[in-house]
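Numbering (my numbering), first residue to last: 1 to 317. Cβ atoms here follow ideal geometry from the backbone N, Cα and C, with glycine treated the same way. Everything below concerns the one structure shown next.
Printed below as a string of structure tokens:
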């Protein structure tokens, strides 16, 4: 295939970009080449498809070549574009936060199922380690009567989360707070949230420290290590998350969070040892164990059989 130059059509640029990305080992090269070309040309997908036999406008060729070079170096497409999509919302991203992933939408799906089963009534939500704020935005949309408190320890992530919350139109109901895990929720200014939160969600760091460098280059080179590093066994932050949720959830409130595909049995054990009940692990789109959930026990209630619920949704666990 000839090198891009003057006179090439959008389709020819698309084919060239796909070939370069494939040679560099980029997964889903055709999709990414199209997204990068779309961004460089400034068209929506349908608009670009209608113009594939036309020539790009001035400046689009150079920008597309630059985009392809960055993606060939395994920089994630979302970082190049500066945005991703989560639960139907555009989300701004940067190297300071994890890129929102389809697997994480499973947290939202699980909260909706739990809420429906429990008769609704979610009024107070905590998103712990909010990053880009994607979970806070999605849950604010799904629970229009709820207040959402989103926490993070990274100043850059906090700024980005505030931008995404404001862009989605939820600034009146979503507060983005500076603090490590639940630290900010204990502030007297929040009028005592301990024991009053209906739902705690999180996508915590859960990768084993020794495995981070072996992940795909898009992750190991470009995403923030602090958002990946779960300590030696991958569960150091998860343990703190569970203990904090036990303190801040109201009786009967739910904890829902993402885990590694091989962590289900250990996470369920941690939840049970901490007094949670009704623990389950739900699979992601690939059928792998991905979303853990459990309920803070009701006061004076006899806990349901925890073990009987373990395999309710995930036969792999």
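- Residue 173 is a Cβ neighbour of residue 147, given a cutoff of 7 Å.
- In the three-state reduction of the DSSP assignment, residue 15 falls in the helix class, which pools H, G and I.
- For residue 295, the uninterrupted beta strand (DSSP E) segment begins and ends at 289-295.
- The distance from the Cβ of residue 160 to that of residue 97 is about 6 Å, consistent with a contact at the 8 Å cut-off.
- Cβ-Cβ separation between residue 40 and residue 67: approximately 6 Å, consistent with a contact (criterion under 8 Å).
- The residue from 54, 132, 128, 170 with its alpha-carbon nearest to that of residue 144 is 170.
- Its chain contains 246, 297 as the residues whose beta carbon lies nearer than 7 Å to that of residue 275, once the 5 sequence neighbours on both sides are disregarded; these appear in chain order.
- Annotation: residue 85 to residue 260 spans about 22 Å, alpha carbon to alpha carbon.
- In this structure, the beta-carbon distance from residue 158 to residue 178 falls below 7 Å.
- Residue 133 is not a Cβ neighbour of residue 93, given a cutoff of 7 Å.
- In the DSSP assignment, residue 147 is bridged to 124.
- With a 10 Å radius around the Cβ and a threshold of 16 neighbouring Cβ atoms, residue 223 comes out buried.
- Between the alpha carbons of residue 23 and residue 9 lies a distance of about 21 Å.
- Shown here, residue 92 sits in a strand according to DSSP, grouped into three states.
- Judged by DSSP secondary structure, residue 178 falls outside any alpha helix (DSSP H) and instead within the beta strand (DSSP E) spanning 174-178.
- Of all alpha-carbon atoms in 199, 99, 167, 54, the one lying nearest the alpha-carbon of residue 113 is that of 199.
- Beta-bridge pairing by DSSP links residue 283 to 289.
- Taking a cut-off of 8 Å on C-beta distances, the region 213-231 does not touch the region 187-198, as fewer than three cross pairs fall below it.
- Relative to residue 75, the option among 257, 235, 219, 285 whose CA is nearest is 219.
- Shown here, residue 244 sits in a helix according to DSSP, grouped into three states.
- By the neighbour-count criterion, in which 16 or more other beta carbons inside 10 Å mark a residue as buried, residue 71 falls on the buried side.
- Taking the C-beta atoms as reference points, residue 289 is found no nearer than 7 Å to residue 241.
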